[in-house]
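Asks: In the working numbering, the protein residues as written are 1 to 307. No residue lacks a Cβ here, since even glycine has one placed at the ideal position from N, Cα and C.
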Amino acid sequence: MENPRSLIDILELSVEEIDELVACATRIMENPAAFAHKCDGKIMATLFFEPSTRTRLSFESAMLSLGGQVLGFSEAASSSAAKGESVADTVRTVSCYSDIIAMRHPKEGAPLVASMHSLVPVINAGDGGHNHPTQTLTDLLTIHHEKGRFENLTLGFCGDLKFGRTVHSLISAMSRYKGTRVALISPEELKLPSYVKKEILERSGVEYAQTTDLEAVMPELDILYMTRVQRERFFNEEDYLRLKDSYILTLDKLAGAKEDLSILHPLPRVNEISVAVDKDPRACYFKQVLYGRYIRMALIMKLLGLE
Ligand code: NCD
C-alpha cells in the first residue's frame, strides 16, 4: 500500500501549495465557525519525544477547532520508547488509533522514518537540529500578513543558526522567492551548517552575507528572525554559557532599523529579545503564535484531503 502524503520537509510543498495554505488560513481567521466541523470524527495523535509548548498545543488547538479530537504523549518517558521501542513500531501502532500524526523527535530524520511506516499522514513537528516545516508555515503566514508578499525581502537570521531548525526550514522556503536576500548573523561557533549554505542558498542563487555584527546589517532588514541558543543540542554546558547571550535585541539596537521592520521569533524566548521590545509595533512574535494555530488548521485539512 502506498504511504499517505506526509509533511517532513517544507520543500515538499510547492510555492503554489504554500499560497493555497496561506489563503486557506486567512479564510479560517476571517470565519472560524465555517471550519468548526471539518474534522468531525477525525483523530490527531501528537507524539512529542521532546519538550514543546506552542507546537504541540497549537496542533491540538487546531484539531479541536476543526471539530476533531486529539490523543498523544508529551514526553518520551511516558511512551514505550522508554522500554526501547523503535520509532517505526510506535508509529505503526499509533497509526491504527489516529487519522493523522504530528511528531517531534530529538533525532534528525525520525519523522521521515515514521512516515515510511505510517498508515496515516505524519507531520514533522521538529526533528533535532534539522527541520521544522510547520514553524516555517507559521513564519510564512506572518510574513505574508506583515509584508503582503514573499518576493524581494531581506531577511536577517540572528542567533543559533547551527542548531536552529526553524532557521534551516525558513531559509529553504524563502530561497524559492525572487529577490530574497539573507544576512546570517551569529557567533563563529553557531554559523549556518554548510549543507544549508551549499544545497539551499548557493544552489538557488540567493544573495547572502555572514556577519557577527547585528547592528551593522540592521538598516537593510525587512525581517529580523531572532532565535534562542539551543542549549539541549550542546555537548557541554560551558560552551552554552559562553554563547547564550551573544545577541540581545534591545530598543537601542533597533535605532538604525527600518520603520516597517518585522521582528519574528519562533519562541520560546530566553534572553535574546528584551521585554521592552515587545511593545514596539515592529515586534510580531506573539502575533506569529496566533498564526501558527490557523496555518496548522489549514495543513491538517490539506493532508486529510478536506479542503
Ligand atoms: C522552536 C523549535 O522547537 O525548534 N520552537 C517552536 O517550535 N516554536 C524554536 C526553539 O525551540 O528555539
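Using a threshold of 8 angstroms, state whether the C-beta atoms of residue 284 and residue 214 are closer than that.
Replies: Within the sequence shown, residue 284 is the residue found at index 284, counting from 1. Within the sequence shown, residue 214 is the residue found at index 214, counting from 1. It is not a contact, given that the beta carbons lie outside the stated cut-off.
Asks: Any heavy atom of ligand 1 within a distance shorter than 7 angstroms of the CB on residue 57?
Replies: Taking the sequence shown and counting its residues from 1, the one referred to as residue 57 is at position 57. No; taking the cut-off as 7 angstroms, the Cβ of residue 57 has no heavy atom of ligand 1 nearer than that.
Asks: Between residue 164 and residue 185, which are expected to be in contact by the criterion C-beta below 8 angstroms, what is the C-beta distance as a whole number of angstroms?
Replies: Translated into the one-based positions of the sequence shown, residue 164 becomes position 164. Translated into the one-based positions of the sequence shown, residue 185 becomes position 185. At roughly 12 angstroms, the Cβ-Cβ gap does not stay under 8 angstroms, so residue 164 and residue 185 are not in contact.
Asks: Looking only at its chain, what residues have a beta carbon closer than 6 angstroms to the beta carbon of residue 154, apart from the 5 residues adjacent to it on each side?
Replies: As a working note, residue 154 is residue 154 in the sequence shown. Cβ within range, chain order: 181, 220, 221, 222.
Asks: What is the DSSP secondary structure of residue 270, reduced to helix, strand or coil?
Replies: Looking up residue 270 in the sequence shown gives position 270. Three-state result, residue 270: coil.
Asks: Give me, in chain order, the residues of the same chain whose beta-carbon lies closer than 7 angstroms to that of residue 245; leave out the 5 immediate sequence neighbours on both sides.
Replies: In the sequence shown, the residue the question calls residue 245 occupies position 245. Counting only Cβ-Cβ distances below 7 angstroms, and skipping sequence neighbours, we find 271.
Asks: Could you please give the first and the last residue of the uninterrupted alpha helix (DSSP H) stretch that includes residue 24?
Replies: For this step, residue 24 is matched to residue 24 along the sequence shown. 15-30 is the span of the alpha helix (DSSP H), which, as asked, contains residue 24.
Asks: Need the endpoints of the alpha helix (DSSP H) that residue 368 sits in, please.
Replies: Residue 368 lies beyond the stretch modelled for the chain, which goes from 1 to 307, so this question has no answer here.
Asks: Let me know the secondary structure DSSP gives residue 122 once reduced to three states.
Replies: Residue numbering aside, residue 122 sits at position 122 when the sequence shown is read from its first letter. Correct three-state label for residue 122: strand.
Asks: Our contact map puts residue 80 next to residue 95 with C-beta atoms below 8 angstroms; I'd like the distance itself, whole angstroms only.
Replies: Translated into positions along the sequence shown, residue 80 becomes position 80. Translated into positions along the sequence shown, residue 95 becomes position 95. About 15 angstroms; that fails the 8 angstroms criterion.
Asks: Whole angstroms are fine: how far does the CA of residue 56 sit from the CA of residue 40?
Replies: Counting from 1 along the sequence shown, the entry for residue 40 is found at position 40. Counting from 1 along the sequence shown, the entry for residue 56 is found at position 56. Their Cα atoms are separated by approximately 20 angstroms.
Asks: Buried or exposed for residue 89, please, with buried defined as at least 16 other CB atoms from any protein chain shown within 10 angstroms of its CB.
Replies: Counting from 1 along the sequence shown, the entry for residue 89 is found at position 89. Exposed: under 16 other Cβ atoms inside 10 Å.
Asks: Taking residue 107 as the reference, give the member of 129, 123, 91, 98 with the closest Cα.
Replies: Position 107 of the sequence shown, counted from the start, is the residue given in the question as residue 107. Taking only the C-alpha atoms, the option nearest residue 107 is 129.
Asks: Could you tell me how far apart the beta carbons of residue 225 and residue 254 are, in whole angstroms, since I believe they sit closer than 8 angstroms?
Replies: Along the sequence shown, read from residue 1 onward, the residue named residue 225 stands at position 225. Along the sequence shown, read from residue 1 onward, the residue named residue 254 stands at position 254. That belief does not hold up - the Cβ atoms of residue 225 and residue 254 are roughly 14 angstroms apart, past 8 angstroms.
Asks: Short check: CB of residue 98 to CB of residue 64, under 8 angstroms?
Replies: What you label residue 98 is simply residue 98 of the sequence shown in a count that begins at 1. What you label residue 64 is simply residue 64 of the sequence shown in a count that begins at 1. Cβ distance not < 8 angstroms, so residue 98 and residue 64 don't count as in contact.
Asks: Between residue 210 and ligand 2, is the CB less than 7 angstroms from at least one heavy atom?
Replies: Ligand 2 is not among the ligands present in this structure, which contains only ligand 1.
Asks: Taking 7 angstroms as the cut-off, is the C-beta of residue 168 nearer than that to any heavy atom in ligand 1?
Replies: The sequence position of residue 168 within the sequence shown is 168, counting from 1. Flag unset: Cβ of residue 168 not near ligand 1.
Asks: Answer yes or no: the CB of residue 54 versus the heavy atoms of ligand 1, is any distance below 7 angstroms?
Replies: Position 54 of the sequence shown, counting from 1, holds the residue named residue 54. Yes, ligand 1 has a heavy atom inside 7 angstroms of this Cβ.
Asks: Just to confirm, does residue 142 get its C-beta within under 7 angstroms of one of the non-hydrogen atoms of ligand 1?
Replies: Position 142 of the sequence shown, counted from the first residue, corresponds to residue 142. No, Cβ of residue 142 sits at least 7 angstroms from all heavy atoms of ligand 1.
Asks: Could you tell me which of 252, 232, 241, 238 sits nearest to residue 105, measuring between CA atoms?
Replies: Position 105 of the sequence shown, counted from the start, is the residue given in the question as residue 105. It is 232.
Asks: Any idea what DSSP makes of residue 138, helix, strand or coil?
Replies: Counted from its first residue, the sequence shown places residue 138 at position 138. Residue state, collapsed to three classes: helix.
Asks: At what residues does the beta strand (DSSP E) containing residue 225 begin and finish?
Replies: In the sequence shown, the residue the question calls residue 225 occupies position 225. First-last of the beta strand (DSSP E) with residue 225: 223-226.
Asks: Rounding to the nearest angstrom, what Cα-Cα distance links residue 26 and residue 9 in this structure?
Replies: Here residue 26 refers to the residue found at position 26 of the sequence shown. Here residue 9 refers to the residue found at position 9 of the sequence shown. Cα-Cα distance, rounded: 23 angstroms.
Asks: In terms of DSSP beta bridges, what is residue 97 paired with?
Replies: For this step, residue 97 is matched to residue 97 along the sequence shown. Looking at the DSSP assignment, residue 97 forms no beta bridge with any residue, so it has no partner.
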